Amino acid sequence: MRSRTATPHHAPPPGTILQRIEPPAEALVFRGLSHPFERIAVPELVLHPGEALVQVELATVCGSDLHTVSGARSAPAPLVLGHEQVGRIVALGPGRAARTIDGERLAVGDRVVWGVAVDCGACRMCRRGMPHKCESLQKYGHQRMRRGWELNGGIATHVHLIARTPVMRVPETLPAEVLAPASCATATVMAALAAAEEQRPLAGELAVVSGCGMLGLTAVAAASEAGATVVAIDPDPQRRALAQEFGAAVVAEPGVGALRAALLAASRRGRSRGEASAPGFGVAWELSGANRAIETLFDCADIGASIVLVGSVFPAPPVSFSAEGVVRRLLTVRGVHNYRPEHLERAVRFLERVDASAFAALVGQVVPLDRAEEALSAPAAVGTRIGVRP
Numbered sequence: 001m002r003s004r005t006a007t008p009h010h011a012p013p014p015g016t017i018l019q020r021i022e023p024p025a026e027a028l029v030f031r032g033l034s035h036p037f038e039r040i041a042v043p044e045l046v047l048h049p050g051e052a053l054v055q056v057e058l059a060t061v062c063g064s065d066l067h068t069v070s071g072a073r074s075a076p077a078p079l080v081l082g083h084e085q086v087g088r089i090v091a092l093g094p095g096r097a098a099r100t101i102d103g104e105r106l107a108v109g110d111r112v113v114w115g116v117a118v119d120c121g122a123c124r125m126c127r128r129g130m131p132h133k134c135e136s137l138q139k140y141g142h143q144r145m146r147r148g149w150e151l152n153g154g155i156a157t158h159v160h161l162i163a164r165t166p167v168m169r170v171p172e173t174l175p176a177e178v179l180a181p182a183s184c185a186t187a188t189v190m191a192a193l194a195a196a197e198e199q200r201p202l203a204g205e206l207a208v209v210s211g212c213g214m215l216g217l218t219a220v221a222a223a224s225e226a227g228a229t230v231v232a233i234d235p236d237p238q239r240r241a242l243a244q245e246f247g248a249a250v251v252a253e254p255g256v257g258a259l260r261a262a263l264l265a266a267s268r269r270g271r272s273r274g275e276a277s278a279p280g281f282g283v284a285w286e287l288s289g290a291n292r293a294i295e296t297l298f299d300c301a302d303i304g305a306s307i308v309l310v311g312s313v314f315p316a317p318p319v320s321f322s323a324e325g326v327v328r329r330l331l332t333v334r335g336v337h338n339y340r341p342e343h344l345e346r347a348v349r350f351l352e353r354v355d356a357s358a359f360a361a362l363v364g365q366v367v368p369l370d371r372a373e374e375a376l377s378a379p380a381a382v383g384t385r386i387g388v389r390p
């Protein structure tokens, strides 16, 4: 792996400060499918008002990182991958203070997590309440590395937080393995739950979680906590077993017949509003992105059900379903991609309540930064994330 040092800055612009980093920050740079990774040293950076420099405590490797490295997902290069991490503020920009989502001033020494997306606050999408679809959106771990913002991904010793980044302070008592996924997996699940809750409260609902990786297991736990009776679907028996540990009432293999039997078994427990004979579900979250899984949900939905699609984030053939069935059964289909700042806040509050040991165990192998390339080249064990500790 080749190494280089970022081009040094000269006189910083007025109203900014030149922040030296000793020893220099280091980041792993993805240079494209046909190129080896590169290690970059960043000895200094310019901090503007409202910005912060964070020293990374732990980053976790998301599925989208793996898809980028494998070529299943396109991304601009060069870039520093990683958008799930927890760290500690070591420097702040001058003047206007950086603040948390709930308005508190940030300080050096604060332990924090931050959102994957930074919006402008003024464009058409922002004004319509969709800042995560901002017309000038910037995203940690997805953005092409550029001069002045080299440290823009979590697979690094430090991350440069630009102004308007959604930030949350986090408890010192929670393990880093619990907190790092908050910035993507947990917050995305909170957005998916919120999408379903716009239709009806989850308490008493017969619910389905399709796909039991990190997001799916989080959804099982969160929906169960909200009072839903959860049926979890996954082809892998280890993931199904984990789903039961996280609160699923019944688990099933994929397929219409298996899901209908599982829904009937769950409804007979008397903890949902489902009928005792061949009920359909009231709400479902699809997190695998598999077309057949999506089609199964359309086949098994109750009248008035909500289907929230989360996992379909890569190219795939069209899904086959009956438009007439959607109309006659009054189905609501929602897509969730990224999340709003309040969902990150909700994610942190949720993680403060969970069984920390169970969630920490979802991060299996933890490797140092100099072995991060191997973590980005192989999927984690079933149901888990791989961690990178600088």
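Each residue of the sequence shown is one higher than the last, beginning at 1 in the UniProt record's numbering. Ideal Cβ positions, reconstructed from N, Cα and C, are used throughout, including at glycine. Treat the numbers as computed from the prediction; the structure is a model and nothing was measured.
Handout entry: Contact under 9 Å by Cβ, residue 391 with T16
Key = In this structure the chain extends from 1 to 390, so residue 391 is not present and cannot be described.
Practice task
Verify whether the separation of the beta carbon atoms of Y140 and S183 is less than 9 Å.
Solution key: Translated into positions along the sequence shown, residue 140 becomes position 140. Translated into positions along the sequence shown, residue 183 becomes position 183. Yes. Within cutoff.
Handout entry: Nearest neighbour of H83, chosen from A122, P94, E26, A156 [CA to CA]
Key = Walking along the sequence shown from the start, residue 83 turns up at place 83. Checked all of A122, P94, E26, A156; the closest Cα to H83 is A156.
Handout entry: Opposing strand residues paired with K139 [DSSP bridges]
Key = Working through the sequence shown from its first residue, we reach residue 139 at position 139. DSSP output for K139 lists A117 as bridge partner(s).
Practice task
Tell me, please, whether the segment 200-220 touches the segment 313-329 by the rule of three or more beta-carbon pairs shorter than 8 Å.
Solution key: The answer is no - the segment 313-329 does not touch the segment 200-220, with fewer than three Cβ pairs under 8 Å.
Exercise for the section: My understanding is that V231 touches A262, with C-beta atoms under 8 Å, so please give their C-beta distance in whole angstroms. Expected result: If you number the sequence shown from 1, residue 231 lands on position 231. If you number the sequence shown from 1, residue 262 lands on position 262. Taking 8 Å as the upper bound for CB-CB distance, V231 and A262 are in contact here, some 5 Å apart.
Problem - Own chain partners of A258 with C-beta closer than 8 Å, once the 5 adjacent residues on each side are dropped - result: Translated into the one-based positions of the sequence shown, residue 258 becomes position 258. Around A258: I233, A252.
Handout entry: Where R239 falls: helix, strand or coil (DSSP)
Key = The residue labelled residue 239 in the question sits at position 239 within the sequence shown. The answer is helix: DSSP assigns R239 an H, G or I state.
Problem - At least three beta-carbon pairs within less than 8 Å, the segment 347-360 to the segment 30-49 - result: By the C-beta criterion, the segment 347-360 is judged not to be in contact with the segment 30-49, since fewer than 3 inter-stretch pairs fall below 8 Å.
Exercise for the section: Say whether the segment 161-181 touches the segment 118-138, bearing in mind that this needs 3 or more beta-carbon pairs closer than 8 Å, one atom from each stretch. Expected result: Cβ pair count under 8 Å is three or more, so yes.
Problem - Check whether S267 and P279 have beta carbons under 9 Å apart - result: In the sequence shown, the residue the question calls residue 267 occupies position 267. In the sequence shown, the residue the question calls residue 279 occupies position 279. Their beta carbons are under 9 Å apart, which means S267 touches P279 by this criterion.
Handout entry: In chain order, each alpha helix (DSSP H) run of at least 4 residues that lies wholly inside the UniProt domain "Alcohol dehydrogenase-like N-terminal" (49-171)
Key = Every unbroken stretch of the alpha helix (DSSP H) spanning 4 or more residues and falling wholly within the UniProt domain "Alcohol dehydrogenase-like N-terminal" (49-171) is given here in chain order: 63-70, 124-127.
Practice task
Rounded to whole angstroms, what's the CA-CA distance from A219 to L28? Just pull it up for me.
Solution key: Here the question's residue 219 lines up with position 219 in the sequence shown. Here the question's residue 28 lines up with position 28 in the sequence shown. One alpha carbon belongs to A219, the other to L28, and they sit about 31 Å apart.
Handout entry: Segment contact flag, the segment 334-349 with the segment 300-320, C-beta cutoff 8 Å, min 3 pairs
Key = They touch, by the three-pair rule.
Practice task
Scan the segment 197-245 and note each continuous beta strand (DSSP E) run of 3 residues or more that stays entirely inside, going in chain order.
Solution key: Listed in chain order, the beta strand (DSSP E) elements of length 3 or more contained wholly in the segment 197-245 are 206-210, 229-233.
Exercise for the section: For P368, write down the residues that DSSP places opposite it in a beta bridge. Expected result: Here residue 368 refers to the residue found at position 368 when the sequence shown is read from its first residue. Beta-bridge pairing links P368 to R389.
Problem - Cα-Cα separation between L106 and V112, rounded to whole angstroms - result: As a working note, residue 106 is residue 106 in the sequence shown. As a working note, residue 112 is residue 112 in the sequence shown. Those two C-alpha atoms are separated by around 9 Å.
Handout entry: CA-to-CA distance, H160 to I89, given in whole angstroms
Key = Stepping through the sequence shown from its first residue, residue 89 is reached at position 89. Stepping through the sequence shown from its first residue, residue 160 is reached at position 160. Rounded to the nearest whole angstrom, the CA to CA distance from I89 to H160 is 10 Å.
Handout entry: Enclosing alpha helix (DSSP H) for G325 [first to last residue]
Key = Along the sequence shown, one-based indexing puts residue 325 at 325. Going by DSSP, G325 is part of the alpha helix (DSSP H) stretching over 323-328.
Exercise for the section: Tell me whether T5 sits in a helix, a strand or coil according to DSSP, three-state version. Expected result: Walking along the sequence shown from the start, residue 5 turns up at place 5. Residue state, collapsed to three classes: strand.
Handout entry: Pairwise C-alpha distance: R385 and P317
Key = Position 317 of the sequence shown, counting from 1, holds the residue named residue 317. Position 385 of the sequence shown, counting from 1, holds the residue named residue 385. Their backbone Cα atoms lie some 28 Å apart in a straight line.
Practice task
For residue 411, count neighbouring C-beta atoms within 10 Å of its own C-beta (all shown protein chains included) and say buried if the count is 16 or more, exposed if not.
Solution key: Because the chain here runs from 1 to 390, residue 411 falls outside it and cannot be looked at.
Handout entry: the segment 339-349 touching the segment 176-195, judged by at least three CB pairs closer than 8 Å
Key = A contact exists between the segment 339-349 and the segment 176-195.
Handout entry: Distance CB(V363)-CB(P181) smaller than 9 Å
Key = In the sequence shown, the residue the question calls residue 363 occupies position 363. In the sequence shown, the residue the question calls residue 181 occupies position 181. For V363 and P181, yes; Cβs fall inside 9 Å.
Problem - Proximity below 9 Å, CB of L242 to CB of L217 - result: The count along the sequence shown starts at 1 and reaches residue 242 at position 242. The count along the sequence shown starts at 1 and reaches residue 217 at position 217. Yes, Cβ-Cβ distance for L242 and L217 is below 9 Å.
Handout entry: beta strand (DSSP E) segment containing A305, residue limits
Key = Position 305 of the sequence shown holds residue 305. A305: member of the beta strand (DSSP E) spanning 301-309, first to last residue.
Problem - Distance, A176 Cα to V388 Cα - result: Locating residue 388 in the sequence shown gives position 388, where the first residue counts as 1. Locating residue 176 in the sequence shown gives position 176, where the first residue counts as 1. Taking the CA atoms as reference points, V388 sits about 11 Å from A176.
Practice task
Inspect the beta-carbon positions of V256 and D299 and report whether they are closer than 9 Å.
Solution key: Within the sequence shown, the letter at position 256 stands for residue 256. Within the sequence shown, the letter at position 299 stands for residue 299. For V256 and D299, yes; Cβs fall inside 9 Å.
Problem - With 16 other Cβ atoms within 10 Å as the buried cut-off, status of H35 - result: For the purposes of this step, residue 35 is taken as the residue at position 35 of the sequence shown. Here H35 is exposed: its Cβ has fewer than 16 other Cβ atoms, across all protein chains shown, within 10 Å.
Problem - Burial state of A11, where buried means 16 or more other Cβ atoms lie within 10 Å - result: Locating residue 11 in the sequence shown gives position 11, where the first residue counts as 1. Exposed, because fewer than 16 other Cβ atoms sit within 10 Å of the Cβ of A11.
Practice task
Tell whether a beta-carbon distance below 9 Å holds between E205 and F281.
Solution key: What you label residue 205 is simply residue 205 of the sequence shown in a count that begins at 1. What you label residue 281 is simply residue 281 of the sequence shown in a count that begins at 1. Cβ atoms of E205 and F281: closer than 9 Å.
Problem - Among A248, L81, H142, the one whose alpha carbon lies nearest that of T229 - result: Working through the sequence shown from its first residue, we reach residue 229 at position 229. Ranked by how close their Cα comes to the Cα of T229, the residues A248, L81, H142 have A248 in first place.
Handout entry: Nearest-angstrom Cα separation, counted from H132 out to E197
Key = Counting from one through the sequence shown, the residue named residue 197 turns up at place 197. Counting from one through the sequence shown, the residue named residue 132 turns up at place 132. Spanning the two alpha carbons is a distance of roughly 19 Å.
Practice task
Below 8 Å on the Cβ atoms is my guess for E51 versus I21; work out the distance and round it to an integer in Å.
Solution key: Position 51 of the sequence shown, counting from 1, holds the residue named residue 51. Position 21 of the sequence shown, counting from 1, holds the residue named residue 21. By a beta-carbon distance limit of 8 Å, E51 does not contact I21. Their separation comes to about 14 Å.
Handout entry: 7 Å Cβ shell around W114 - same chain, five flanking residues per side excluded
Key = By 1-based counting over the sequence shown, the position of residue 114 is 114. Counting only Cβ-Cβ distances below 7 Å, and skipping sequence neighbours, we find L161, T165, P166, V167, S183.
Practice task
Note down, in chain order, each residue of its chain lying with its Cβ closer than 6 Å to the Cβ of I294, except the 5 sequence neighbours on either side.
Solution key: Mapped onto the sequence shown, residue 294 falls at position 294. Cβ neighbours of I294 within its own chain (closer than 6 Å, five residues either side excluded): E286, V319.
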